Amino acid sequence: MIEIPSDLHKDLVPLAFLLGTWAGAGVHDFPGSQKCNFGQEVTFTHDGRDFLEYHSHTWVLDNDGNKVRPLESESGFWRIDGARKVEVTMTRDDGVIEIWYGELAAKQPQIDLVTDAVARTAASRPYTGGKRLYGYVKSDLMWVGEKQTPEVELRPYMSAHLKKVVTPEDVERWAKALPDDMPDDGIAFFK
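Under full-length UniProt numbering, think of the first position of the sequence shown as 1, with each following residue one higher.
Shown next, in the form of structure tokens:
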């Protein structure tokens, strides 16, 4: 279910499907790095202005699904214009700052992004750009990222399947929104 908060900036309504906290797992595989499964938590929030604030944390998982160590962290800001063009500014923990541009697909919650500018600190690993695809599929958030370096052509390196995290405040809000004429026995509800 996609909720549109009453205080969401009107320009951000097409991105409302991203709002909230998402958690799940995925696969990381890129030459020069150890292939691994990872856990991820992503948050998209807003404060009434014309952007979404974004934070992502990933960590390596062992074979039993336990956290081993941090993998990558990134944060940034997402905007969209009236022509469904999306721009993202992003800072990553490895010393990379990126500007991404893309587009929200017509009639579906899917965003394709590609890097437009990359700045790196002296300590960062080689990186020249990337592509990302985000999609809202059957109430889940799925994404795949591609990257390239001077030595490696553009190729997929991370993908994840995330579920919306439900908070006690969400449950309370939904409970208050239930109609007064809900059946008492629960069975009549399904008839």
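For glycine and all other residues, C-beta sits at the position ideal for the given N, C-alpha and C.
These figures come from a predicted structure and were not determined experimentally.
Residue i - containing beta strand (DSSP E), residue span
i: residue 49; result: Looking at the DSSP string, residue 49 is not in any beta strand (DSSP E), and its letter there is neither H nor E.
i: residue 116; result: 110-120
i: residue 156; result: 155-164
i: residue 134; result: 129-137
i: residue 82; result: Neither: residue 82 is in no beta strand (DSSP E) and is coded neither H nor E.
i: residue 18; result: Residue 18 -> no beta strand (DSSP E), and no H or E assigned at all.
i: residue 146; result: 140-148
When the options are compared against residue i, the one with the closest alpha-carbon
i: residue 39; options: 27, 14 and 9; result: 27
i: residue 16; options: 48, 31, 61 and 169; result: 48
i: residue 11; options: 71, 56 and 86; result: 86
i: residue 73; options: 35, 94 and 22; result: 94
i: residue 77; options: 98, 144 and 130; result: 98
i: residue 117; options: 31, 88, 75 and 34; result: 88
i: residue 101; options: 107, 19 and 90; result: 90
i: residue 82; options: 46, 13, 61 and 69; result: 13
i: residue 159; options: 53, 3, 58 and 5; result: 58
i: residue 150; options: 139, 130 and 163; result: 130
i: residue 30; options: 64, 67 and 71; result: 71
DSSP bridge partner residues for residue i (one or two, in chain order)
i: residue 91; result: 75 and 97
i: residue 38; result: 26 and 60
i: residue 70; result: 59
i: residue 102; result: 86 and 113
Whole-angstrom C-beta distance between residue j and residue i, which should lie under 8 angstroms
i: residue 146; j: residue 155; result: 6 angstroms
i: residue 121; j: residue 148; result: Between residue 148 and residue 121 the Cβ distance is about 19 angstroms, and since that is not below 8 angstroms, they are no contact.
i: residue 166; j: residue 23; result: The Cβ separation is near 11 angstroms, so there is no contact.
i: residue 143; j: residue 157; result: Between residue 157 and residue 143 the Cβ distance is about 12 angstroms, and since that is not below 8 angstroms, they are no contact.
i: residue 237; j: residue 79; result: With the chain covering 1 to 191 only, the question about residue 237 has no answer from this structure.
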